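Let me begin by presenting the structure, written as structure tokens, before commenting on it.
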Amino acid sequence: MRMSKRLSVKTKTILTILFVILMALLITVADKKASDYVVLILNLIAINIIFAVSLNLINGMTGIFSLGHAGFIAIGAYTSVLLTLPIEQKEISYLIKPLISPFNRIELPFLPAILIAGLVSAGFGYLVAAPSLRLIGDYLAIATLGLGETIRVIANNAWSITNGALGLKGIPSYTNLYWSWGWALITVVAIASLVSSSYGRALKAIREDPIAAKAMGINVFSHQVMSFVIGSFFAGVGGALWAHLITTIDPKSFAFVRTFEILIMVVLGGLGSISGSIIGAAIYTVGLEFLRVLESPFKIWFINYPGVPGMRMLVLSVLLIVLMLFWQRGIMGRNELSWDSIVSIFAKLKRGGKR
Amino acid sequence: MRLSDFVQHLINAFSLGGIYALIAIGYTMVYGILRLINFAHGDIFTYGIYFAFYGVTLFMFPWWLSFITAIFFTAFLGALIERIAYRPLRNAPRISALITAIGVSFFLQNFATVVFGGRAKSFNPQTGMYPVYFLKILKLGDVRIRLVTLITLSIVAVSLLVLVWIVYKSKVGMAMRAISKDIPTTRLMGVNADRIISYTFMIGSSLAAIGGILWAMTYPQVYPYTGMVPGLKAFISAVVGGIGSIPGAMLGGFILGVSEIMIVALFPSIAGYRDAIAYVILIFVLLVRPTGILGVEVSEKV
Amino acid sequence: MNEVVLELKNVTKRFGGLTAVDKFSGHVKKGELVGLIGPNGAGKTTLFNLITGMYELDEGEMIFLGNRLNGLKPHEVTRLGIARTFQNIRLFSDMSVLENVMVARHCKLRSMFSLFSFVFKTPSALKFEKSVREHSEKLLAKVGLLNFANEKASALPYGLQRKLEIARALATEPKLLLLDEPAAGMNPQETSELMEFIKAIRDEFGLSIIVIEHDMKVIMGICERIYVMDYGKLIAEGTPSQIQSNPLVIKAYLGEEVLL
Chain A
51 MRMSKRLSVK TKTILTILFV ILMALLITVA DKKASDYVVL ILNLIAINII
101 FAVSLNLING MTGIFSLGHA GFIAIGAYTS VLLTLPIEQK EISYLIKPLI
151 SPFNRIELPF LPAILIAGLV SAGFGYLVAA PSLRLIGDYL AIATLGLGET
201 IRVIANNAWS ITNGALGLKG IPSYTNLYWS WGWALITVVA IASLVSSSYG
251 RALKAIREDP IAAKAMGINV FSHQVMSFVI GSFFAGVGGA LWAHLITTID
301 PKSFAFVRTF EILIMVVLGG LGSISGSIIG AAIYTVGLEF LRVLESPFKI
351 WFINYPGVPG MRMLVLSVLL IVLMLFWQRG IMGRNELSWD SIVSIFAKLK
401 RGGKR
Chain B
46 MRLSDFVQHL INAFSLGGIY ALIAIGYTMV YGILRLINFA HGDIFTYGIY
96 FAFYGVTLFM FPWWLSFITA IFFTAFLGAL IERIAYRPLR NAPRISALIT
146 AIGVSFFLQN FATVVFGGRA KSFNPQTGMY PVYFLKILKL GDVRIRLVTL
196 ITLSIVAVSL LVLVWIVYKS KVGMAMRAIS KDIPTTRLMG VNADRIISYT
246 FMIGSSLAAI GGILWAMTYP QVYPYTGMVP GLKAFISAVV GGIGSIPGAM
296 LGGFILGVSE IMIVALFPSI AGYRDAIAYV ILIFVLLVRP TGILGVEVSE
346 KV
Chain C
176 MNEVVLELKN VTKRFGGLTA VDKFSGHVKK GELVGLIGPN GAGKTTLFNL
226 ITGMYELDEG EMIFLGNRLN GLKPHEVTRL GIARTFQNIR LFSDMSVLEN
276 VMVARHCKLR SMFSLFSFVF KTPSALKFEK SVREHSEKLL AKVGLLNFAN
326 EKASALPYGL QRKLEIARAL ATEPKLLLLD EPAAGMNPQE TSELMEFIKA
376 IRDEFGLSII VIEHDMKVIM GICERIYVMD YGKLIAEGTP SQIQSNPLVI
426 KAYLGEEVLL
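Chains as they are written, first to last, in the numbering used here: chain A, 51 to 405; chain B, 46 to 347; chain C, 176 to 435.
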């Protein structure tokens with residue numbers, strides 16, 4: 051009879067702390083030694099983790115099919131930039147219409163700007179949630195899609211707030227590995243903590259069967275709103291980090307394709323799994339860079355491949371279709387990576403070798 | 046605004062609304078049968094235009110022949126997509142089918158970018174797309190409209206009539222309506238559900254192609270993302286009218302087309318927010334009557 | 176001792192032209208086991224749905240322990256102390272047996288803002304989690320399902336799934352329990368066990384119970400009083416022997432096999 055070993059809570063805590071220390075060391079080394087390109091990729095991975103885990107909370111764990119994540123990312127990005135952009139830069143950039151007050155006089159440091167960005171996104175999430183969550187399934191998807199697009203259209207036209215289609219540049223490049231991975235850690239810990247609590251069970255119950263959940267005393271609506279607001283908060287935070295990484299933003303950066311990309315990350319990792327979203331975000335970010343190779347010319351054997359722009363996204367969309375046709379569960383399915391599961395994987399491998 | 050201006054705007058509005066209606070029908074028919082939002086439908090609209098374009102420029106067809114073959118090819122494309130991407134997921138959770146549809150949409154857009162090129166192509170009489178006299182401006186009193194607008198209205202009317210005949214008078218149409226109620230039972234009645242579903246996609250795609258060609262004659266450019274915004278608006282039309290209802294799709298299309306043009310005509314200062322009008326209507330309808338104007342209430346048994 | 180816990184007065188529900196429940200009046204006393212029977216489509220489950228707030232009633236009054244139930248949302252009704260099971264088992268199939276019961280304790284949290292304490296794992300949050308687990312494990316032990324605690328709910332055999340659904344309802348600490356066809360699909364052995372089970376939980380937890388059933392063995396075996404519905408109306412009320420000999424009841428069931 052096979053005995054399954056479960057690690058004690060003490061062991062797991064020690065392992066987790068060691069892991070975090072290891073990650074911190076790696077990040078410090080990378081920050082000092084790695085090339086700009088690698089640092090950029092690592093930053094993107096962290097930010098995508100924030101996007102994916104926050105979307106997973108809404109879509110995967112609570113079962114709310116929201117397609118408007120890009121809108122909340124946009125709100126976070128613009129809010130943070132409006133707060134941190136140096137006043138002189140604001141005066142140069144806002145050509146069509148001057149920036150409204152008090153933003154034109156404010157210049158805040160990064161941390162308060164990120165927090166405010168997250169809170170503003172969360173606030174919008176709250177406003178939006180109440181009407182939208184009365185809808186189910188497909189209607190909700192459409193409504194949130196329309197919402198995300200509305201935000202983009204507004205951003206494109208509100209010259210005195212967002213500088214319209216011109217966008218904003220000269221954003222101070224505050225985001226470094228410590229900021230991005232620090233917030234990624236906060237996001238994962240916060241959401242994992244929520245999910246492992248009674249609230250997490252309630253969200254899963256709502257996902258499984260909202261009617262039974264109601265009958266068990268769960269206020270389905272307020273829990274859905276809560277999930278939506280928290281997801282939006284972190285989307286806003288991620289947006290702020292992203293804006294201060296790439297230093298220019300315009301409404302086009304927040305088109306539906308952004309939500310789509312995050313959706314791929316979540317589905318790839320497994321809809322409903324936090325560790326899955328992390329893995330999915332990492333694989334997607336790195337994979338996208340690898341696919342970049344398809345857009346410049348190269349030679350296989352005697353075949354000259356000319357390098358085609360747009361080939362990346364083409365391959366990506368094929369991958370997504372194939373993923374959905376043959377592997378809906380994604381890498382982790384709904385399960386989480388835990389120390390127990392890692393240990394049992396190693397145990398299986400060891401046993402497999404002995405046969 | 047002068048009366049003649051108003052009438053002009055109204056005619057243009059109905060023309061636009063008609064195109065939205067044609068596309069919306071495709072969305073609503075597929076949703077009615079498969080409960081699937083075919084995100085790729087807007088891109089099928091785009092491909093209809095591309096097929097017409099290449100018919101003339103590549104194969105040197107006369108314009109009318111190119112239009113007809115484009116409609117056929119687009120219908121075929123729609124059926125192909127259903128066969129490859131949607132049929133395998135017919136019993137899968139709806140979220141998977143939805144994500145796949147999004148994937149197909151992105152595939153079509155990027156395929157067009159790679160194969161047809163990302164730059165916009167001109168769809169105008171100079172390149173032989175259609176006779177020059179289509180653009181002729183007709184005058185009825187003080188009202189000035191292009192011939193192409195009238196042609197659009199006529200083609201829309203004819204297409205809708207043909208569609209109504211197919212859906213309500215033909216055997217295929219009866220099968221489609223039966224399937225939209227209950228697939229397993231309809232199968233038991235001896236109907237080849239797969240074949241009928243293919244026909245549904247073909248009809249919807251044909252209408253999208255017709256809409257696309259009419260669109261391209263009014264907005265003479267085609268590029269990989271041409272169909273995205275009209276597609277979304279047509280989809281909103283279907284939802285507003287009642288998703289799953291063909292008359293609803295027609296009604297929704299006209300409501301959206303008329304709102305879009307008339308609101309901007311009456312309040313020119315918000316022209317930049319033109320696209321947002323559709324979203325506002327959508328949100329309003331979803332708040333007040335989520336199943337749409339002509340939609341059917343579906344409730345879950347407790 | 177035997178005061179009324181639930182009072183229904185002229186409860187009416189219409190769906191368009193159909194009157195699903197037509198001026199139904201009745202009551203349940205503390206600790207009573209009441210049966211609700213009638214042909215299919217008589218409106219029994221609709222009545223449960225009205226009581227639990229799933230449907231809004233058109234006319235009438237529902238009072239539970241001095242609280243007016245009209246217009247309350249389902250989770251509010253549950254918090255007042257009414258729990259139910261469903262005709263088609265609605266377990267959270269992807270969650271474990273233990274989790275199904277634990278989630279029913281979630282309603283014991285008073286405010287949504289406590290979510291912050293859960294994210295930060297404060298001592299009060301941890302205390303709550305511990306109590307939830309203990310309570311749920313004790314409950315599972317009482318109903319004999321503790322061995323299956325970590326199994327997926329969908330992996331249980333049918334009879335145990337029904338038991339789990341009842342256990343989950345019990346976790347909300349109800350004063351009134353509504354069971355919707357708990358014996359459906361069970362063999363005679365399982366049915367006898369279920370009957371003992373229902374009586375036992377009534378005694379153990381001091382519950383009042385209303386049971387909808389088609390299996391007359393169950394109804395006649397455990398119910399102290401029975402209400403009979405047909406076409407939404409109450410057509411008879413009384414003890415088992417009174418109901419068995421009531422001509423109206425027999426007429427309503429004419430053509431159906433009545434298992435005695």
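Cβ atoms here follow ideal geometry from the backbone N, Cα and C, with glycine treated the same way. These figures come from a predicted structure and were not determined experimentally.
Residues of chain B with a Cβ closer than 7 Å to the Cβ of residue 310/A are, in chain order, 147, 151.
For residue 377/C, no CB of chain A lies under 8 Å from its own CB, so it is not counted at the interface with that chain.
Sixteen is the threshold: since fewer than 16 other Cβ atoms of the shown chains lie within 10 Å of the Cβ of residue 375/C, the residue is exposed. Taking one beta carbon from each stretch, the segment 152-162 of chain B and the segment 265-275 of chain B have 3 or more pairs nearer than 8 Å; the two touch. Within the segment 297-374 of chain A, the runs of alpha helix (DSSP H) that reach at least 4 residues and sit entirely inside it are, in chain order, 306-319, 324-341. Counting only unbroken stretches of 3 or more residues, the beta strand (DSSP E) elements lying wholly within the segment 187-221 of chain C are 193-204, 208-212, in sequence order. For residue 181/A, the neighbours in chain B by C-beta distance under 9 Å run, in chain order, 328, 331, 332.
Contact between residue 345/C and residue 315/C is ruled out by a C-beta separation of about 10 Å, above the 8 Å threshold. Within the segment 238-300 of chain C, the runs of beta strand (DSSP E) at least 3 residues long that lie entirely inside it are, in chain order, 257-259. At least one C-beta of chain B is nearer than 8 Å to the C-beta of residue 200/A. Take the alpha-carbon of residue 310/A and the one of residue 117/A: they are about 8 Å apart. Scanning its chain for C-beta atoms nearer than 6 Å, with the 5 sequence neighbours on each side dropped, one finds around residue 331/A the residues 98, 99, 102, 315, in chain order. Only buried fits residue 85/B, as 16 or more other CB atoms lie within 10 angstroms of its CB. Chain A has no Cβ within less than 8 Å of the Cβ of residue 119/B. Per DSSP, the continuous alpha helix (DSSP H) segment holding residue 61/B begins and ends at 48-79.
Residue 171/B sits exposed, since fewer than 16 C-beta atoms from the chains shown fall within 10 Å of its C-beta. The distance from the Cβ of residue 187/C to that of residue 235/C is about 5 Å, consistent with a contact at the 8 Å cut-off. The beta-carbon separation of residue 65/B and residue 282/B, rounded to 5 Å, stays under the 8 Å limit for a contact. Between residue 250/B and residue 89/B, the beta carbon gap of about 5 Å places them in contact (Cβ cut-off 8 Å). Between residue 181/C and residue 247/A, the alpha-carbon positions lie close to 34 Å from each other.
For residue 189/B, the uninterrupted beta strand (DSSP E) segment begins and ends at 188-191. Rounded to whole angstroms, the separation of the alpha carbons of residue 267/A and residue 251/C is 7 Å. Under the 10 Å beta carbon count, residue 208/B is surrounded by 16 or more other beta carbons and is classified as buried. Following the DSSP letters along the chain, one finds residue 168/A inside the alpha helix (DSSP H) bounded by residues 160-182. With fewer than 16 neighbouring CB atoms inside 10 Å of its own CB, residue 417/C falls in the exposed class. Within a 10 Å sphere around the beta-carbon of residue 237/A sit 16 or more other beta-carbons, which makes this residue buried.
Interface residue (Cβ-Cβ distance to chain A less than 8 Å): residue 197/C is not classified as such. Annotation for residue 333/C: 360 place their beta carbon closer than 7 Å to its own, counting only its chain and skipping 5 residues before and after. Within the segment 153-183 of chain B, contact with chain A at the beta-carbon level (separation under 7 Å) is assigned to 155, 156, 158, 159, 163.
In this structure the segment 165-183 of chain B lies against the segment 97-105 of chain B, because at least three pairs of beta carbons, one per stretch, are closer than 8 Å. Of all residues in the segment 139-152 of chain A, none comes within less than 8 Å of chain C when Cβ atoms are compared.
300, 303, 304, 307: these are the residues of the segment 299-332 of chain C whose beta carbon lies less than 8 Å from some beta carbon of chain A, given in chain order. For the 8 Å CB-CB criterion, residue 144/B and residue 313/A form a contact.
By the C-beta density criterion, residue 382/C is buried, having at least 16 other C-beta atoms within 10 angstroms. Each residue's CA atom was taken as its position, placing residue 277/B and residue 96/B some 21 Å apart.
Between the C-alpha atoms of residue 225/A and residue 93/A there is a straight-line separation of about 8 Å.
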